[in-house]
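Asker: Handing you a structure now.
Number of protein chains: 2
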Amino acid sequence: MRPGAYRPSVPLEHRLVTRRIPQARDRGIPDATVARLPLYLRALNGLSERATLTVSSEDLAAAAGVNSAKLRKDLSHLGSYGTRGVGYDVQYLIYQISRELGLTQDWAVAIVGVGNLGRALANYGGFASRGFRIAGLLDADPAVVGDQIAGLVVEHTDALETVIADRSVSIVVIATPAAAAQHVCDRVTAVGVTSILNFAPVVLNVPDGVDVRKVDLSIELQILAFHEQRKASGGPIMAEEWPDGVEPVNERSIGASS
Amino acid sequence: MRPGAYRPSVPLEHRLVTRRIPQARDRGIPDATVARLPLYLRALNGLSERATLTVSSEDLAAAAGVNSAKLRKDLSHLGSYGTRGVGYDVQYLIYQISRELGLTQDWAVAIVGVGNLGRALANYGGFASRGFRIAGLLDADPAVVGDQIAGLVVEHTDALETVIADRSVSIVVIATPAAAAQHVCDRVTAVGVTSILNFAPVVLNVPDGVDVRKVDLSIELQILAFHEQRKASGGPIMAEEWPDGVEPVNERSIGASS
DNA sequence: GTGCCTTTGTGAAGCGGTGCACAAAGTGAG
DNA sequence: CTCACTTTGTGCACCGCTTCACAAAGGCAC
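This is the structure we're talking about:
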């Protein structure tokens, strides 16, 4: 249904002229803002499904789990897309954020490594709906090659370069074991890929200009454990500094050499 | 109250999302440092496997992919564990960081939602080696209940509270579909769980004192797309502000939406 | 039109993190 | 012992993000 129920009785020829945003887009959007835009987008999509026409910064911020002032400042980096006294038009804002994030175009994604994680990613519905099209699934294990997952046939990593070139893949997801990640990374950057999403627990070495984002499942757990420990005991264990049998070598060597 | 026409359609004004851990400030370790400690730990484990005894901040920083001054400042928050002129004792530092993160104790983790992602997590080797013991796998789907994964039998979510209490689960991983996540979250916080790792693409509303960390697979891709777009075109599409057929309701749609 | 109400957009202050640069501390040679 | 060298730990300046607070902008009632 068209969102047309909201009818402001307002002289509109006036606004059609003044509403032009000449160059409010000073391409300097802070990283912190970019990281939150997908959050706003999801909240807006939720509102859209409930046929909400406009939303205030206060409500949208609550739905996204952020401060309302922060939300307004974030959106102001994209331009003046709100209406004072009313709020933001949901559909309009969805489009503006999508465009800013580049989700209005089609992105071909290849997933390398089709273990459980690779399968989970291939089946994740949140990708296709946001302009991410999985163009290839690759794995080095012959036992997996040929399997059909999410409508795609798994190919051998030998074809990695071919797949990337032939299908205009611009984003590669690495979901391989840690030992294979750097090798895959080298190969894909060699053929011009500049955006990598890495799930392997290693620090990837990449040429300049290549953007790597890392998702590490165990790091998040460790951060949780830190906070949990704090909550439980009011501080880390103060019992002993060093357990028996494991001593710093330079202390032991000092005692032995003097 | 506000007699405004744009009341939030969702009653969430009383449920505030709070991730702050007040006690984390007391002892003074910055959040940014805590988030990097697991990184250092992994780099140190790599060095340890190669029988390296000591490491300089320069080398360790390179292995972890950070600045050496940052690394030294991070470690200084834990204490003075280095030796000037020599560097850090690898084993000693591993122990100190592990202790600070709480990895020297045993953490019982329950994973709710045993789809592909839940399976990937259950089989992920990086957990057990760091003190995280998977104490339960739960799913609402009867077709999955009873399956054996990573040595555990999947149980029905009906037993969620029982599993948490009986096995002293302190960290819950939510890997369910988005629609089920909040319900699971409510149940586990109700029985005292205060640490949640959420993979579902929703903003969880939790009581004060509960720590939620979120891993969102699609958000990372969207951030990559933003940067990729920047690199490719030098900026987002400048063509048009608004495509045909999708107009802001408070502009031209007035006439059309009678 | 006039006045009141709501909400945006933003200047400015505050806060936390980063990185430089260097003194302090330790090693090792002679 | 002294001297030269290495590396840590940290003071400090800088920078970017967050938050507050408020004027400006728009809607609504009459």
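Going down the list, the sequences are from chains P and B.
Residues in the first sequence are numbered from 1 upward in steps of one, following this note's numbering.
Residues in the second sequence are numbered from 259 upward in steps of one, following this note's numbering.
For each residue, glycine too, the CB sits at the ideal point set by N, CA and C.
#1: Does DSSP put P/L204 in a helix, in a strand, or in coil?
#2: Identify the contact partners of B/V292 in chain P, using a Cβ-Cβ distance below 7 angstroms as the criterion.
#3: How many angstroms separate the CA atom of P/L204 from the CA atom of P/T52?
#4: Spell out whether any CB of chain P is found under 9 angstroms from the CB atom of B/T452.
#5: Would P/T33 be called buried (16 or more neighbouring beta carbons within 10 Å of its own) or exposed?
#6: From B/L479, B/G467, B/V370 and B/G389, pick the residue whose C-alpha is nearest to that of B/A458; which is it?
#7: Could you tell me which residues DSSP pairs with B/L211 in its beta bridges?
#8: Given this structure, state the Cα-to-Cα distance separating B/L302 from P/D89, to the nearest angstrom.
#9: Along the region 431–460 of chain B, where does the CB come closer than 7 angstroms to a CB of chain P? Name the residues.
#10: Give me the residue from P/V215, P/L160 and P/D166 with the minimum Cα distance to P/H183.
#11: How would you call B/E307, buried or exposed, if buried means at least 16 neighbouring beta carbons within 10 angstroms?
#12: Looking at chain P, which residues of the region 292–309 of chain B have a Cβ within less than 8 angstroms of any of its Cβ atoms?
#13: How about the region 404–413 of chain B and the region 374–388 of chain B: do they share at least three Cβ pairs that are nearer than 8 angstroms?
#14: Could you tell me the alpha carbon to alpha carbon distance between P/A128 and B/R357, rounded to whole angstroms?
#15: Let's test the definition: count the other Cβ atoms within 10 Å of the Cβ of P/P207 and tell me whether it reaches 16, buried, or not, exposed.
#16: Confirm, please, whether the CB-CB distance from B/V473 to B/I454 is below 9 angstroms.
#17: By the criterion of Cβ-Cβ separation under 8 angstroms, what are the contact partners of B/V370 in chain P?
#18: Here's the rule: buried if 16 or more other CB atoms are within 10 angstroms of the residue's CB, otherwise exposed. What is P/S56?
#19: If you draw a straight line from the C-alpha of P/G79 to the C-alpha of P/L71, how long is it?
#20: I'd like to know if P/V215 contacts chain B, where contact means its C-beta is closer than 9 angstroms to some C-beta of that chain.
#21: Assuming B/V449 and B/I422 are in contact, meaning their beta carbons sit under 8 angstroms apart, how far apart are those beta carbons, in whole angstroms?
#22: Could you check where the alpha helix (DSSP H) with B/S334 kicks off and where it finishes?
#23: Where do the ends of the alpha helix (DSSP H) carrying P/R99 lie?
#24: What's the gap between the Cα of B/G467 and the Cα of B/T452?
#25: Quick one: is P/R211 near chain B, going by C-beta distance under 9 angstroms?
#26: Here's a check: name, in chain order, each residue in its chain whose Cβ is nearer than 7 angstroms to the Cβ of P/L93, leaving out the five neighbours to either side.
#27: Can you say whether P/S218 is buried or exposed, counting buried as having 16 or more other CB atoms within 10 angstroms of its CB?
#28: Indicate whether at least one CB of chain P lies closer than 9 angstroms to the CB of B/A321.
#29: Figure out for me which residue from B/V460, B/A433 and B/D469 has the closest Cα to the Cα of B/T447.
#30: What separation, rounded to the nearest whole angstrom, lies between the Cα atoms of P/L41 and P/I97?
Answerer: To lay it out plainly:
#1: P/L204: coil per DSSP, three-state reduction.
#2: I223 and F226
#3: 43 angstroms
#4: Yes - at least one Cβ of chain P is within 9 angstroms of the one on B/T452.
#5: buried
#6: B/V370
#7: There is simply no residue 211 of chain B to check, as chain B begins at 259 and stops at 516 in what is shown.
#8: Answer to the nearest angstrom: the Cα atoms are 51 angstroms apart.
#9: Cβ contacts with chain P: T452, S453, L455 and P459.
#10: Answer by Cα proximity: P/L160.
#11: In this structure B/E307 is exposed. Its beta-carbon is surrounded by fewer than 16 other beta-carbon atoms within 10 angstroms.
#12: V292, A293, L295, P296, L297, L299, R300 and A301
#13: yes
#14: Near 42 angstroms, if we compare the C-alpha coordinates of B/R357 and P/A128.
#15: exposed
#16: Cβ atoms of B/I454 and B/V473: not closer than 9 angstroms.
#17: Per Cβ cutoff of 8 angstroms: no residues; B/V370 is ~15 angstroms from chain P at best.
#18: buried
#19: 13 angstroms
#20: Closer than 9 angstroms: yes.
#21: 5 angstroms
#22: Unbroken alpha helix (DSSP H) run through B/S334: S326 to S334.
#23: V90 to L101
#24: 7 angstroms
#25: The residue asked about is misnamed: residue 211 of chain P is Asp in this sequence, not Arg. Yes - at least one Cβ of chain B is within 9 angstroms of the one on P/D211.
#26: L44 and Y81
#27: Classification of P/S218: buried, given that the 10 Å Cβ count is 16 or more.
#28: With 9 angstroms as the cut-off, B/A321 counts as an interface residue toward chain P.
#29: If you compare the alpha carbons of B/V460, B/A433 and B/D469 with that of B/T447, the shortest gap goes to B/D469.
#30: 7 angstroms
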